[in-house]
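First the structure, in the form of structure tokens, and then the observations on it.
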Amino acid sequence: MTMNQGLVIFQQYSTSGIQILILEVYRRCLVELFFLMVRLSLVNLLAGKSSDIQSKLPKPKDFSRALYMMDSGQNDIHYGLEYMIEEEVKKSIPNIISQFTVAVVQLYEKGARAFWIHNTGPIGCLPYFLVKYPPSPDNADQNGCVKSYNEVAQEFNKQLKDSVSRLRDQHPDAVLICVDLYSAKYSLISNAKDYGIPSDVTVGDAYVDCGKKTMVNGTEIFGSLCRNPPKYISWDGIHYTQGANKLLVKHIANGSFSEPRVSITKAYTKSS
């Protein structure tokens, strides 16, 4: 993504910080790493054969002037809540934050100076969890979300904020913006009707992977897209729709959910 002829690098950061020895989690990490290596190899191969492609690739000096956008927490917490109770997931948070901090420092040591860091969203509001693990009445908030799951996300965000604050003290020449994506997403869910989105965070009574089938009350259900995805917050029970993401961008880009309160444009300008 380019911004003012500059470079914006987005990284969805997930660690193996949660010490879950689950083969499926390990397999997914290997798959993600494999495809990352394939993409990098392809870029290098094409760059070596085409001067036109070489001219369009970022130069080494561009990386120190780029804005690094980092999204953290959701994958780790999601996998943790699948296999552990909430308190165990909370105990794993310091290790996850520690590894995230190491990643930021490594980027800094390579020349990165501007970071736009998203905290994690209200995972207890994801339809995936609401359908698979519906909350008891005393564990549901005013929007029907799983309170105990959201409390895990809030604890993660508190520790992430503290870590980013320490990084600012340690690296005063860096720009570290912590974006409260949790509040932005929860606000969107709470005020969904104002945007023409169904107010109920759940969209059905069963979760079906895209392209797969399952039986629900004796009826075979096929996992297909909603007829009008932009009218929903989530398109698969986990990921937000393009329409919802556009609304979120409008909320966070001006800096109203950032600490310090800096817009994304100014954050980029500070990095140049």
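Using our numbering, the letters of the sequence shown map in sequence onto residues 14 to 285. Beta carbons are placed, not taken as given, at the ideal position from N, Cα and C, and that holds for glycine.
>> Along the chain, where does the beta strand (DSSP E) containing residue 9 start, and where does it finish?
In response: Residue 9 is absent from the model: the chain starts at 14 and stops at 285.
> Quick one, are the C-beta atoms of residue 168 and residue 106 less than 8 Å apart?
Replying inline: yes
> Going by the beta-carbon positions, is the gap between residue 195 and residue 135 smaller than 8 Å?
Replying inline: yes
> When you compare only the Cα positions, how much space is there between residue 123 and residue 86?
Replying inline: 23 Å
> At what residues does the alpha helix (DSSP H) containing residue 121 begin and finish?
Replying inline: 99–122
> Counting pairs of Cβ atoms below 8 Å between the region 175–183 and the region 113–121, do you hit three or more?
Replying inline: yes
> When burial is assigned at 16 or more other CB atoms within 10 Å of the CB, is residue 253 buried or exposed?
Replying inline: buried
> From 131, 204, 126, pick the residue whose C-alpha is nearest to that of residue 183; which is it?
Replying inline: 126
> Within 10 angstroms of its Cβ, does residue 119 collect 16 or more other Cβ (buried), or is it exposed?
Replying inline: exposed
>> Assuming the contact rule is C-beta atoms closer than 8 Å, residue 280 and residue 80 should be a hit. Round their C-beta distance to whole Å, please.
In response: 6 Å
> Do the CB positions of residue 192 and residue 270 come within less than 8 Å of each other?
Replying inline: yes
>> What residue range does the beta strand (DSSP E) around residue 127 cover?
In response: 127–131
>> Using the three-state DSSP reduction, which class does residue 247 fall into: helix, strand or coil?
In response: strand
> Is the beta carbon of residue 173 less than 8 Å from the beta carbon of residue 110?
Replying inline: yes
> From 250, 275, 261, pick the residue whose C-alpha is nearest to that of residue 144; which is it?
Replying inline: 250
> Which residues does DSSP pair with residue 254 in a beta bridge?
Replying inline: In DSSP, residue 254 forms no bridge with anything.
>> Between residue 133 and residue 202, how many whole angstroms is the CB-CB distance? I'm expecting something under 8 Å.
In response: Not really, about 14 Å apart at Cβ, beyond 8 Å.
>> Could you tell me the alpha carbon to alpha carbon distance between residue 139 and residue 78, rounded to whole angstroms?
In response: 35 Å
> Is the distance from the Cβ of residue 146 to the Cβ of residue 187 below 8 Å?
Replying inline: no
>> So for residue 190, helix, strand or coil by DSSP?
In response: strand
> For residue 152, which residues from the same chain have a beta carbon less than 7 Å from its beta carbon, with the 5 sequence-adjacent residues on both sides left out?
Replying inline: 159, 160, 161
>> I'd like the span of the alpha helix (DSSP H) that includes residue 172, first residue to last.
In response: 160–183
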